[in-house]
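Report on the structure given below.
Residue numbers (my numbering): 71 to 400.
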């Protein structure tokens with residue numbers, strides 16, 4: 071279902087699931103039709119699901135966060151008359167860089183759902199960048215449970231996830247913008263009739279807010295979400311506070327609030343337990359040490375109803391949980 075531990079949320083990430091308002095591959099003239107259909111569908115969801123109205127405050131909070139993050143750049147204006155165009159990239163920014171990351175954790179949680187059925191995880195990836203361009207790959211073990219195939223044998227539904235991503239990260243007056251695409255794949259998955267692989271496009275912004283506090287806001291969009299659950303949007307905001315260094319330890323407090331919203335009955339069944347959207351959040355403490363290592367201690371939860379033991383079953387648990395992850399980057 072997605073990834074977001076070591077990778078940049080991308081990553082959890084996360085970054086999972088969800089969304090942008092552009093139809094991929096839409097033919098000329100289809101944009102208006104899609105917009106009208108989307109508007110009608112949103113009106114239907116609002117009527118059928120009063121929880122959307124309840125989340126209006128969350129949407130306002132995320133919009134306020136976006137304005138707060140982008141305000142310094144907007145108020146400062148272009149550093150020179152030509153803005154981006156007049157600023158020749160520094161030599162260091164043009165240099166090619168390659169990095170790797172690896173992590174072990176008590177569990178892999180993506181947008182509130184356990185991806186390893188509450189079992190341990192091993193993850194890793196590679197990232198490359200040159201100037202404002204970046205690309206990478208990230209992988210993790212999974213436990214999506216088992217199913218019976220056509221021959222009557224019991225097989226794993228999915229036991230590995232590989233995510234491929236690329237994009238650009240321009241900066242302007244201290245604000246970093248992130249425009250990219252993520253392709254989530256599940257090699258050798260047993261998913262007849264419910265393709266697990268899917269694509270998301272994302273648009274994000276991050277910047278210092280005040281002193282040691284920084285913030286981010288990212289919107290994800292998938293035209294066809296995992297398991298053929300239809301169009302899904304995810305909006306995710308984050309705050310991070312760098313605490314004073316203690317000896318060799320560099321502590322950081324961080325928190326994330328996100329919402330995934332779908333427009334299909336399949337999404338309501340697979341993710342919302344009857345609802346067309348759900349909230350997820352986490353808060354944690356990161357302890358960086360020896361420059362390359364980090365121990366992350368984090369609490370996750372969602373607002374999904376546990377009716378029918380939806381959040382406490384054998385797989386894809388979505389109730390409150392504590393996750394510890396030790397990672398290294400090189």
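Glycine included, each C-beta is placed from N, C-alpha and C at the ideal position. Here the structure is a predicted model, which means the values were calculated and not measured.
Query raised in the report: Near residue 110, which residues of its chain fall below 7 Å by C-beta distance, leaving aside the five closest residues on each side in sequence?
Result: With a pLDDT of only 41 at residue 110, under 50, the local geometry of the prediction cannot be trusted, and no value is derived from it.
Query raised in the report: Apart from the five residues just before and just after residue 261, which ones in its own chain have a Cβ nearer than 8 Å to its Cβ?
Result: Excluding sequence neighbours, residue 261 sits near 227, 228 and 297.
Report task. For residue 382, I'd like the list of residues in its chain whose CB is within less than 8 Å of its CB, leaving aside the five on either flank, ordered along the chain. Result -> Within the same chain, 376 and 389 come within 8 Å of residue 382 by CB-CB distance, once the 5 residues on both sides are set aside.
Query - Through-space distance from residue 316 to residue 244, alpha-carbon basis - result: Residue 244 and residue 316: Cα-Cα distance of roughly 27 Å.
Query raised in the report: For the candidate residues 391, 274, 234 and 209, whose alpha-carbon lies nearest to that of residue 241?
Result: Nearest of 391, 274, 234 and 209 to residue 241, Cα basis: 274.
Query raised in the report: From residue 319 to residue 359, what does the alpha carbon distance come to, in whole angstroms?
Result: Cα atoms of residue 319 and residue 359: separation of roughly 5 Å, rounded to the nearest angstrom.
Query raised in the report: Does the count of Cβ pairs from the region 273 to 292 and the region 245 to 265 closer than 8 Å reach three?
Result: Yes, since at least three Cβ pairs between the region 273 to 292 and the region 245 to 265 fall closer than 8 Å, the two stretches touch.
Query raised in the report: Roughly how far, in whole angstroms, is the beta-carbon of residue 183 from the beta-carbon of residue 380, given that I think they are within contact range, below 8 Å?
Result: In fact, because the Cβ distance is near 11 Å, the residues do not count as touching under 8 Å.
Query raised in the report: Quick one: what's got a C-beta closer than 7 Å to residue 209's C-beta in the same chain, skipping five residues either side?
Result: 193, 194, 195, 230, 231 and 232, listed in sequence order.
Requested in this report: Give me whichever residues DSSP pairs with residue 283 in a beta bridge.
Outcome: Residue 283 is bridged to 280 and 311.
Query raised in the report: Helix or strand or just coil, what does DSSP make of residue 221?
Result: Per DSSP, reduced to three states, the secondary structure at residue 221 is coil, with no helix or strand assignment.
Query - Helix, strand or coil at residue 395 according to DSSP, with G and I counted as helix - result: It is a strand residue.
Query raised in the report: Any chance the region 318 to 333 sits against the region 352 to 366, with 3 or more Cβ pairs inside 8 Å?
Result: Enough Cβ pairs lie closer than 8 Å, so yes.
**Report entry** Own chain partners of residue 400 with C-beta closer than 7 Å, once the 5 adjacent residues on each side are dropped
**Finding:** The beta carbon of residue 400 lies closer than 7 Å to those of 169, 170 and 362 in the same chain, with the five residues before and after it left out.
Requested in this report: Tell me whether the beta-carbon of residue 341 lies closer than 8 Å to the beta-carbon of residue 329.
Outcome: Result no, Cβ atoms of residue 341 and residue 329 do not sit closer than 8 Å.
Query - Segment limits, alpha helix (DSSP H) that includes residue 337 - result: That run of the alpha helix (DSSP H) goes 335 to 340.
Report task. Hey, could you find the ends of the beta strand (DSSP E) residue 350 is sitting in? Result -> Residue 350 -> beta strand (DSSP E) spans 347 to 359.
Requested in this report: At 3 residues or longer, and completely inside the region 251 to 281: list those beta strand (DSSP E) runs for me, N to C.
Outcome: Listed in chain order, they are 268 to 280.
Query raised in the report: Do residue 367 and residue 173 have their C-beta atoms closer together than 8 Å?
Result: Not in contact: residue 367 and residue 173 (Cβ atoms no closer than 8 Å).
Query raised in the report: How would you label residue 219, buried or exposed, when you count the other beta carbons within 10 angstroms and need 16 or more for buried?
Result: Residue 219 comes out exposed.
Query raised in the report: Is the region 342 to 351 close to the region 307 to 316, with three or more CB pairs under 8 Å?
Result: No, they do not touch.
Query raised in the report: For residue 190, which three-state DSSP category applies?
Result: DSSP places residue 190 in coil when its eight states are reduced to three.
Report task. Determine the extent of the beta strand (DSSP E) in which residue 368 is found, giving its start and end residues. Result -> Secondary structure note for residue 368: its beta strand (DSSP E) is the uninterrupted segment 363 to 372.
Query raised in the report: Where do the ends of the beta strand (DSSP E) carrying residue 236 lie?
Result: Per DSSP, the unbroken beta strand (DSSP E) holding residue 236 starts and ends at 230 to 238.
Report task. Have a look at residue 201 and residue 236 and give me their C-alpha separation to the nearest angstrom. Result -> Take the alpha-carbon of residue 201 and the one of residue 236: they are about 13 Å apart.
Requested in this report: Kindly list the residues whose CB is nearer than 6 Å to the CB of residue 394, restricted to its own chain and excluding five residues on each side of it in sequence; keep chain order.
Outcome: Counting only Cβ-Cβ distances below 6 Å, and skipping sequence neighbours, we find 176 and 367.
Query raised in the report: Sorted by chain position, which residues of the same chain lie with C-beta nearer than 6 Å to residue 197's C-beta, five sequence neighbours on each side aside?
Result: If we look at residue 197 and ignore the five residues flanking it on each side, its Cβ neighbours are 169 and 206.
Report task. Thinking residue 337 and residue 268 are a contact (beta carbons under 8 Å), I'd like their distance in whole angstroms, please. Result -> No, residue 337 and residue 268 are not in contact; Cβ-Cβ is about 12 Å, not under 8 Å.
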